[in-house]
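Below is one structure; the comments refer to it alone.
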Amino acid sequence: MKMTLKLRLTDALLIALLLSPLGAVHAAETNATKPNILFILSDDHALRTIGAYPDSIIKTPSIDRLAHEGAIFNNWFVGNSICCPCRATLLTGKHSCANGVLGNSSTWNTKQWSYPRELGKAGYQTALIGKWHIKGNPTDEFQHWEILNGLGGQGSYYNPTFVSSDGSSQKVEGYETDIITDKAVDWLKHRDTAKPFLLCAQFKSPHTPRTPPARHMKDYEDVTFPEPPTLFDDYSTRQPFVADVWMKLSGMTGDGIGVAPTTEEFAAHPQQRMPEFLAVMNSAQRAAWHEVYDPRNREYQELKAAGKLNGKDGVHYIYQRFIKDYVRTIAGLDEDIGRILAYLDETGLSSNTIVIYSSDQGFFTGEHGWAEKRWMYEESFKAPLIMRWPGTIKPGTRIDALTQNIDLAPTLLTVAGIPVPKEVQGLPLQPVLGGNIPADWRKDVLYTYYDGGTPAARGEYNMPRHMGVRDDRYKLISFYDYKVWEFYDLQKDLRELNNVYDKPEYAKEVARLKERLNALKEQYQVPAPPQLVPKIRKNGGQNQKAKERIITSNDSE
Ligand SMILES: [Ca+2]
């Protein structure tokens, strides 16, 4: 393989020398030495389930390897903690209000500026393989793309269907992370080796419905995972919205933890509906699933019938079922990331390839009693970011600078030697890659969540729209439609259990952060809230459970 690479490069240079003016030779040489970029993205991956992050509950050897050989970002925030908006921000380097993807129902403007197209123009060979999950397929953002199709762009874990840039559609037998990895490695094998590459390998795991590969279904059978200290948060210091959201483990039905009829139940009632995650499996895959999950689901039904899944007992049980399937899907993901890294090693590509691992956003894995994202609280606001860049990033670097998902695009443009356009809102990360925080680095980050409700219409998950600002110590959250606020001192209260907005000793800091929020809204040109209401989708029967909220404004202005 190395031989082929050398021959091809030499051929390219020779042809360039013979046929082209001197400028073209320089361009070819420059391209040959530009670093390759492998961007690996997962979906809903919480920091505490990555071995390299503090207090992790599992090991993830491949992702941990990237962290040990590169840098781990301790403060990588998203601007709007929900899937499609995060993905649009990564592509554009802009907050949701600037790229138009405010919520999951917003349509992607495929003509708008995005960094992969610019890398393509600058001589990179570019590809996206895996989960795109933005409403509206890509067009020419990537030179080649093959994306998961179906189920609203989510795709399935088993036997997924892909649609491609050439217009074809293909159902592939097998498991999601294995197939995306095969396709990614295959693309690397057949790429034009005279050009540097940008490959975005984007996985569905560990997004719901968390269905592990058969080889990991039995993992952690006898393990009891530690519960987060805030699992039984009573929300006592917070705004009433917080206790009312529909993302609690305590309210999770069997569907949410993969409970499905057992083999004997299907035999007795062959007409009953099969959950989607099972329906997509072939008979051998389904048999393997039943073998492992039937005993667990019989136990679930027995406990439920005996009234043992009520109250805290139910939460203890549901948490273990939820977290085990969550980390089992991560086991498959990590293994497949290892296969891509091994390919880079075998082909000598590792030394000149920047490898980045991230997730579209963070996730609550039981913290505050939840299994979701969306909030500005730390677990969903913060996403993992790990970057290996041989020769530039020292192994074992830890980066504490406040960084945000608007920064990916300008960072990769800078890698490729492309000037960052003014319209891009993020900052190139290069100045913080040494682990120090330059004096002129940003001091705070903006958060905006638009997919929630207003007083006129309850939003998805019964959660209100909100925005806020976080610096290295404090966090201010504005529920602007209701004129109420929350304020947290993260140095004293990292788990955000104590809203101190009304405490006189914080009045000065609250006022300062209100000013900062206004300044950031101006800096990022956030329009007035009435212009920023995405289409609110109906949310099943959940609206029936909504209680009337009595909200007392704590806005003194
Ligand atoms: Ca997601």
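Just so you know, we're using our numbering here: the sequence shown kicks off at 22 and counts up by one.
Think of the CB as a built atom: it goes at the ideal place given N, C-alpha and C, for glycine as much as any other residue.
| Asked | Found |
| --- | --- |
| Limits of the unbroken beta strand (DSSP E) element including Ile375 | Thr374 to Ser380 |
| Cys104: CB within 7 Å of a non-hydrogen atom of ligand 1 | yes |
| N- and C-terminal bounds of the beta strand (DSSP E) containing His165 | His165 to Asn170 |
| Contact between the stretch 234-241 and the stretch 307-314 (3+ Cβ pairs under 8 Å) | yes |
| Cα-Cα separation, Ala49 to Arg409 | Note on Ala49: pLDDT 43, under 50, position unreliable in the model; the coordinate value appears next. Whole-angstrom Cα-Cα distance: 25 Å. |
| DSSP state of Ala404 mapped onto helix, strand, coil | coil |
| Whole-angstrom C-beta distance between Val490 and Asp465, which should lie under 8 Å | 5 Å |
| Cys398 versus Asp472, Pro159 and His389, residue with shortest Cα-Cα distance | Per the sequence shown, residue 398 should be read as Tyr rather than Cys. That would be His389, whose Cα lies nearest to the Cα of Tyr398. |
| Cross-strand partners of Thr8 (DSSP beta bridge) | Outside the modelled stretch of the chain, which goes from 22 to 578, sits residue 8, for which no answer is possible. |
| Pick from Gly91, Leu220, Ile84 and Gly335 that is closest to Pro416, judged by C-alpha positions | Gly91 |
| For Lys529, the three-state DSSP class (helix, strand or coil) | helix |
| Inter-residue Cα distance where the pair is Leu62 and Pro452 | 23 Å |
| Under 8 Å between C-beta atoms of Asp64 and Lys204 | no |
| Integer-rounded CB distance, given that Tyr321 should sit under 8 Å from Arg231 | Wrong, their Cβ atoms sit about 15 Å apart, outside the cutoff. |
| Alpha-carbon to alpha-carbon, Asp502 and Thr573 | 12 Å |
| Residue(s) in a DSSP beta bridge with Gln306 | DSSP lists no partner for Gln306. |
| Beta-carbon proximity list for Gly72, same chain, < 6 Å, skipping 5 on both sides | Lys80, Thr81 and Asp85 |
| Buried or exposed by the 16-neighbour rule on C-beta atoms within 10 Å, applied to Ala528 | exposed |
| The stretch 292-299 touching the stretch 245-263, judged by at least three CB pairs closer than 8 Å | no |
| 8 Å CB neighbourhood of Phe287 in its chain, flanking five on each side removed | Gln293 and Met295 |
| Same chain, Cβ closer than 7 Å to Tyr145, five either side skipped, listed in chain order | Lys216, Pro217, Phe218, Leu219 and Ala437 |
| Supposed close pair Arg18, Pro261 - CB separation, criterion 8 Å | Past the boundaries of the shown model lies residue 18; the chain is included only from 22 to 578, so the question cannot be answered. |
| Distance, Gln425 Cα to Gln164 Cα | 26 Å |
| Asp65 CB to nearest heavy atom of ligand 1 below 7 Å | yes |
| Closest residue to Leu299 among Thr131, Ala281 and Val313 (Cα-Cα distance) | Ala281 |
| Where Leu497 sits in the DSSP three-state scheme | strand |
| Proximity to Gly121 [Cα-Cα], best of Pro548, Asn575 and Phe384 | Pro548 |
| Selected residue, minimal CA-CA separation from Thr284, among Met302, Asp315 and Tyr256 | Asp315 |
| 4 or more residues per run - each alpha helix (DSSP H) lying fully within the stretch 266-333 | 284-289, 297-300 and 304-326 |
| Inter-residue Cα distance where the pair is Phe60 and Ala222 | 6 Å |
| Residue from Ala143, Lys152, Ile93 and Gly157 with nearest C-alpha to Lys132 | Gly157 |
| Cβ-Cβ separation, Gly124 to Tyr471 (assumed contact under 8 Å), whole Å | 5 Å |
| Ser372 to Leu140 span [Cα, whole Å] | 20 Å |
| heavy atom of ligand 1 below 7 Å from Gln223 C-beta | no |
| Phe462, buried or exposed, once every other Cβ within 10 Å from all chains shown has been counted against 16 | The question names Phe, yet the displayed sequence has Trp at residue 462. Exposed, by the Cβ-count rule. |
| Same chain, Cβ closer than 7 Å to Tyr338, five either side skipped, listed in chain order | Leu324 and Leu330 |
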